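Colleague: The working numbering applies: residue 15 is where the sequence shown begins, and numbers increase by one.
Ideal Cβ positions, reconstructed from N, Cα and C, are used throughout, including at glycine.
Remember, predicted model here, so these are calculated numbers, not experimental data.
To start, I am sharing the structure in question, which I have written as structure tokens.
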Amino acid sequence: MELPRNRAPRRRDDRVILHFVCRTPKIHDVQECLLLYIKCSSSRRPDCDIPINRTPLQDYDCFYASVFENRDPRLKALPLGVKQKNILATCNYVARKQGVKKLMLITEAKRLCPNLVIIEGEDLTPFRDASKKLFGFMRGYSWNRKAERLGFDEIFMGVCASAANVTDIINYNMFCLNRASLSESFFYLSKKDPEKGFPCDLTKVAGCVYGNTPDTGDINNSAYVRLLLASHLAFHLRMKLEEDFGFTASVGISTNKLLSKLVGSVNKPRNQTTLMSFDDAVVTEFMDAHSVRKVPGIGSKTSRALEEKYLATPLGPDDADRETSPLKVREVRTHEQTSPDALEKLLGGPGSERGVGERVWGLLHGVDDTEVKDASDVPSQISIEDTYKGLESMSQIQGELRKISASLIRRMRTDLLTDDNINDSIEPGSQRWIAHPKTLRLSIRQWPSSDPPPGTPWYSHPDFQRISRSQPIPNFIFNTKETPDALAERLTTEILLPTMKKFFLAGHKWNLQLLNVCVANLAASGSEAGPGVGRDISVMFRKQDDVLRQWKIDTTIVEDDGGDGGDGGDGGDAQRQSISDDEVEEMEVEEFDDDDGSWEGDEVTARCPLCGHSIPPFALAAHARFHDFED
């Protein structure tokens with residue numbers, strides 16, 4: 015019998031994922047996971063251990079202000095804002111209490127808070143350095159290397175791939191759980207060192223709880239135990255972040271990315287909330303209270319389409335920029351005309367993703383089967399961009415491209431260069447690339463030459479679109495002997511300016527609002543430590559003698575004296591002859607051609623001077639010993 019198409023998707027409870035956002039869940043799905051959503055900040059708020067059933071959502075950008083607060087602790091008590099151009103990129107909680115909000119004009123923010131401390135935030139280096147440090151710390155707690163960083167302050171960590179995998183940190187601790195003494199439990203942070211870990215009380219969930227916990231704790235409910243253990247791991251990591259790095263954290267613990275991110279906003283800052291997501295009714299109640307615009311995975315275009323379909327009173331042009339929507343998840347989910355097929359018909363069409371209706375249907379029910387990506391030291395791409403009131407001349411564009419290119423090259427060297435410690439005797443302090451981008455992409459956006467159509471916000475103007483051109487990256491950009499400024503000048507002159515002129519026909523009137531230069535398709539370089547597109551051949555040759563030295567031997571060859579019985583004895587005796595390395599090198603070298611395909615590619619062989627057989631170079635020593643032991 016075919017199931018109704020509007021039936022809620024089912025879920026699994028055998029995955030565990032931690033989601034961290036530093037500064038600062040698949041519930042009804044065929045695969046369920048456990049997530050921690052952590053947002054690091056530098057604000058303070060006491061922890062709570064009582065059930066909470068409210069869902070206020072706040073922004074997650076205090077990480078940027080926290081970086082400056084850690085550098086100068088005096089700023090923690092002051093209203094602080096981070097400026098980029100004439101916009102307030104973000105602000106701390108002290109400023110927010112006085113009405114200041116992110117993305118405000120500086121003039122408006124100063125009017126609301128005259129004593130607001132403004133810090134220039136154009137240089138992202140401090141944020142990037144802090145983010146890398148925190149990410150390196152966090153991913154050490156994911157034993158399966160599932161750690162995904164989003165932006166500077168957000169990290170997902172997969173700590174349990176499946177219930178059968180005891181090598182993951184949560185399942186390992188479930189396996190070691192002493193059910194007879196839950197109040198004196200020990201959370202193991204290492205499989206090899208039984209003393210590495212922390213004591214915890216597993217008779218209760220750490221931090222705040224959304225939903226009802228089982229009476230006296232249902233220790234036989236594996237889904238509950240995973241959430242229980244994850245809450246204590248989250249609390250431990252929060253304390254480590256605060257004590258070792260000076261960042262506090264807001265944490266959401268649930269069973270997928272979607273739910274953990276949303277529940278992490280319930281109690282913040284400096285707090286954590288666990289969603290009892292094994293209870294379908296709890297998840298439904300939790301999701302129903304959210305605006306559709308607040309659901310991760312539902313973008314502005316999708317939310318506007320849903321609002322036009324399900325709102326009795328359509329939104330006006332001024333409402334298009336609102337962060338929240340009067341349309342709640344419950345109104346869409348329970349509507350009699352809502353089903354995966356109906357959503358597909360509404361949201362699908364040319365250019366839309368395949369299966370968008372099924373995906374949005376799942377999100378409305380708290381389903382998110384997105385996997386956490388493997389941890390990597392190599393970003394997927396590196397880009398630098400800037401926005402302008404209007405660049406109208408090619409000389410202005412050239413100057414800005416030069417600045418952006420220089421910043422991009424410096425960023426590449428920061429993120430992709432590492433000290434070459436393979437051989438300390440060769441060029442001390444030298445560096446090597448851990449990855450090489452393959453693609454260079456230039457993106458631009460023009461200011462529209464006309465007003466948008468009636469009822470259309472300015473950012474949806476048909477002419478206000480980003481356009482891009484890509485090409486192979488030039489090799490000279492990897493030359494570390496040249497300064498970034500010198501390489502930027504060459505990159506601008508030889509590559510970027512000619513590319514700019516391909517966007518439009520000659521005589522086009524420029525009025526640029528955005529410039530972006532990006533390197534993408536990064537391929538990890540081979541090294542001794544791990545796989546890559548190829549190993550450093552110069553290092554291979556430098557190390558060859560050291561590696562092969564232990565295998566070099568002086569071989570002797572037994573020659574039959576023809577039975578003449580010289581001074582050495584009778585005809586059965588042998589006279590030993592040594593083949594030196596020089597003689598081996600003088601062996602005749604010929605091309606090896608095997609029609610059977612036993613060898614790949616073109617190989618060379620050496621002809622043995624004793625038997626005349628062609629021997630591959632790696633087998634010379636063994637072949638010589640074969641003659642050595644002949645009778």
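Could you check where the beta strand (DSSP E) with Arg446 kicks off and where it finishes?
Modeller: As a position in the sequence shown, residue 446 is number 432, starting the count at 1. First-last of the beta strand (DSSP E) with Arg446: Gln445 to Trp447.
Colleague: Over the uninterrupted alpha helix (DSSP H) stretch that includes Val343, give me the two end residues.
Modeller: Against the sequence shown, residue 343 aligns to sequence position 329. For Val343, the uninterrupted alpha helix (DSSP H) run begins and ends at Val343 to Arg347, by DSSP.
Colleague: Buried or exposed for Thr283, going by 16 or more other Cβ atoms inside 10 Å?
Modeller: To locate residue 283, count along the sequence shown from 1; it is residue 269. First, the amino acid is wrong: residue 283 is Pro here, not Thr. Looking at its Cβ environment, which holds 16 or more other Cβ atoms inside 10 Å, Pro283 is buried.
Colleague: Counting only the same chain and skipping the five closest in sequence on each side, list residues whose C-beta sits under 7 Å from that of Thr316.
Modeller: As a first step, residue 316 must be located in the sequence shown, where it is residue number 302. Only Leu361 and Val374 meet the Cβ criterion.
Colleague: Determine whether the beta carbon atoms of Gln286 and Gly365 lie at a separation below 9 Å.
Modeller: Taking the sequence shown and counting its residues from 1, the one referred to as residue 286 is at position 272. Taking the sequence shown and counting its residues from 1, the one referred to as residue 365 is at position 351. No, Cβ-Cβ distance for Gln286 and Gly365 is not below 9 Å.
Colleague: Consult DSSP for Pro213 and reduce its assignment to one of helix, strand or coil.
Modeller: As a first step, residue 213 must be located in the sequence shown, where it is residue number 199. Residue state, collapsed to three classes: strand.
Colleague: How should His304 be labelled, buried or exposed, when 16 other C-beta atoms within 10 angstroms of its C-beta is the threshold for buried?
Modeller: For the purposes of this step, residue 304 is identified with residue 290 of the sequence shown, where counting begins at 1. Buried, because 16 or more other Cβ atoms sit within 10 Å of the Cβ of His304.
Colleague: Would you tell me roughly how many angstroms separate the C-alpha atoms of Gly369 and Gly376, rounded to the nearest one?
Modeller: The residue labelled residue 369 in the question sits at position 355 within the sequence shown. The residue labelled residue 376 in the question sits at position 362 within the sequence shown. When rounded, the distance between both Cα atoms is 11 Å.
Colleague: Beta-carbon within less than 6 Å of Arg459's beta-carbon, same chain only, minus the 5 sequence neighbours each way: which residues are those?
Modeller: Here residue 459 refers to the residue found at position 445 when the sequence shown is read from its first residue. Arg480, Gln527 and Leu528.
Colleague: Whole angstroms are fine: how far does the CA of Gly154 sit from the CA of Pro208?
Modeller: Taking the first residue of the sequence shown as 1, we reach residue 208 at position 194. Taking the first residue of the sequence shown as 1, we reach residue 154 at position 140. Going from the Cα of Pro208 to the Cα of Gly154 covers about 17 Å.
Colleague: So is Asn489 buried or exposed if we call it buried at 16+ other beta carbons inside 10 Å?
Modeller: Reading the sequence shown from its first residue, position 475 is the one you call residue 489. Asn489 should be labelled exposed.
Colleague: What is the rounded straight-line gap between the Cα of Arg252 and the Cα of Gln351?
Modeller: On the sequence shown, residue 252 is found 238 positions in, with the first residue counted as 1. On the sequence shown, residue 351 is found 337 positions in, with the first residue counted as 1. Distance between the alpha carbons of Arg252 and Gln351: 44 Å.
Colleague: Please go through the same chain and pick out, in chain order, the residues whose beta-carbon is closer than 8 Å to the beta-carbon of Ser245, but skip the five residues on each side of it.
Modeller: Here the question's residue 245 lines up with position 231 in the sequence shown. Excluding positions up to five away in sequence, the list reads Val219, Ala220, Gly221, Ile267, Gln286 and Thr288.
Colleague: Quick check on Met426: buried or exposed, where buried means 16 or more other Cβ atoms within 10 Å of its Cβ?
Modeller: By 1-based counting over the sequence shown, the position of residue 426 is 412. Label assigned to Met426: buried.
Colleague: Return the CA-CA distance between Ala534 and Lys452, expressed in angstroms with no decimal places.
Modeller: Numbered from 1 along the sequence shown, position 520 holds the residue referred to as residue 534. Numbered from 1 along the sequence shown, position 438 holds the residue referred to as residue 452. Taking the straight line from one Cα to the other gives about 6 Å.
Colleague: Would you kindly report the start and end of the unbroken beta strand (DSSP E) that includes Gly95?
Modeller: Walking along the sequence shown from the start, residue 95 turns up at place 81. Start and end: Leu94 to Gln98.
Colleague: Could you work out which residue in Thr139, Glu198, Ser80 and Lys515 is closest to Gln412 when comparing CA atoms only?
Modeller: The count along the sequence shown starts at 1 and reaches residue 412 at position 398. The shortest Cα separation from Gln412 among Thr139, Glu198, Ser80 and Lys515 belongs to Lys515.
Colleague: If you draw a straight line from the alpha carbon of Ala319 to that of Ile312, how long is it in whole angstroms?
Modeller: Taking the sequence shown and counting its residues from 1, one reaches residue 319 at position 305. Taking the sequence shown and counting its residues from 1, one reaches residue 312 at position 298. Their Cα atoms are separated by approximately 11 Å.
Colleague: Tell me the DSSP secondary structure of Pro23 in three-state form.
Modeller: For the purposes of this step, residue 23 is taken as residue 9 along the sequence shown, with counting starting at 1. Three-state DSSP puts Pro23 in coil, outside helix and strand.
Colleague: When burial is assigned at 16 or more other CB atoms within 10 Å of the CB, is Gly371 buried or exposed?
Modeller: The sequence position of residue 371 within the sequence shown is 357, counting from 1. Gly371 should be labelled buried.
Colleague: Go to Val296, then tell me how far its alpha helix (DSSP H) extends in each direction, as first and last residue.
Modeller: For this step, residue 296 is matched to residue 282 along the sequence shown. From DSSP, the alpha helix (DSSP H) with Val296 extends over Asp294 to Asp302.
Colleague: Going by beta carbon distance, what residues of the same chain come within less than 7 Å of Asn129, once the five residues before and after it are set aside?
Modeller: Position 115 of the sequence shown, counted from the start, is the residue given in the question as residue 129. Pro93, listed in sequence order.
Colleague: According to DSSP, is Val392 helix, strand or coil?
Modeller: Residue 392 sits at position 378 when you count from the first residue of the sequence shown. Residue state, collapsed to three classes: coil.
Colleague: Specify the secondary structure class of Pro512 as computed by DSSP and reduced to three states.
Modeller: Here residue 512 refers to the residue found at position 498 of the sequence shown. Three-state result, Pro512: helix.
Colleague: Whether or not the region 116-123 and the region 141-152 are in contact is what I'm after, with contact meaning three or more pairs of Cβ atoms, one per stretch, closer than 8 Å; do they touch?
Modeller: With contact defined as three or more Cβ pairs closer than 8 Å, the region 141-152 and the region 116-123 are not in contact.
Colleague: Taking 9 Å as the cut-off, decide whether the C-beta atoms of Leu243 and Asn281 are in contact.
Modeller: Within the sequence shown, numbered from 1, the residue matching residue 243 stands at position 229. Within the sequence shown, numbered from 1, the residue matching residue 281 stands at position 267. No, Cβ-Cβ distance for Leu243 and Asn281 is not below 9 Å.
Colleague: Within this structure, are the beta carbons of Gly225 and Met290 separated by less than 9 Å?
Modeller: Taking the first residue of the sequence shown as position 1, residue 225 is located at position 211. Taking the first residue of the sequence shown as position 1, residue 290 is located at position 276. Cβ atoms of Gly225 and Met290: closer than 9 Å.
Colleague: If you draw a straight line from the C-alpha of Arg455 to the C-alpha of Thr513, how long is it?
Modeller: Indexing the sequence shown from 1 puts residue 455 at position 441. Indexing the sequence shown from 1 puts residue 513 at position 499. Rounded to the nearest whole angstrom, the C-alpha separation of Arg455 and Thr513 is 10 Å.
Colleague: So for Ile184, helix, strand or coil by DSSP?
Modeller: Residue numbering aside, residue 184 sits at position 170 when the sequence shown is read from its first letter. Three-state result, Ile184: helix.
Colleague: Would you mind sorting His450 into buried or exposed? The rule is 16 or more other CB atoms within 10 Å of its CB.
Modeller: As a working mapping, residue 450 is identified with position 436 in the sequence shown. Classification of His450: buried, given that the 10 Å Cβ count is 16 or more.
Colleague: What three-state label does DSSP hand Ser305 in the structure shown?
Modeller: Taking the first residue of the sequence shown as 1, we reach residue 305 at position 291. Three-state DSSP puts Ser305 in a strand.
Colleague: Can the beta-carbon of Thr428 be found closer than 9 Å to that of Thr139?
Modeller: What you label residue 428 is simply residue 414 of the sequence shown in a count that begins at 1. What you label residue 139 is simply residue 125 of the sequence shown in a count that begins at 1. In contact: Thr428 and Thr139 (Cβ atoms closer than 9 Å).
Colleague: Where does Phe518 land, buried or exposed, given buried means 16+ other C-beta within 10 angstroms?
Modeller: Stepping through the sequence shown from its first residue, residue 518 is reached at position 504. Classification of Phe518: exposed, given that the 10 Å Cβ count is below 16.
Colleague: My guess is that Pro466 and His475 are in contact by the Cβ rule of under 8 Å, so how many angstroms apart are they, rounded?
Modeller: One-based indexing of the sequence shown puts residue 466 at position 452. One-based indexing of the sequence shown puts residue 475 at position 461. Sure, about 4 Å apart at Cβ, within 8 Å.
Colleague: Strictly under 9 Å for the Cβ-Cβ distance: is Asp232 near chain B by that measure?
Modeller: Here there is only one protein chain, and chain B is not present.
Colleague: Pairs of beta-carbons, one from the region 493-511 and one from the region 384-391, closer than 8 Å: are there three or more?
Modeller: no
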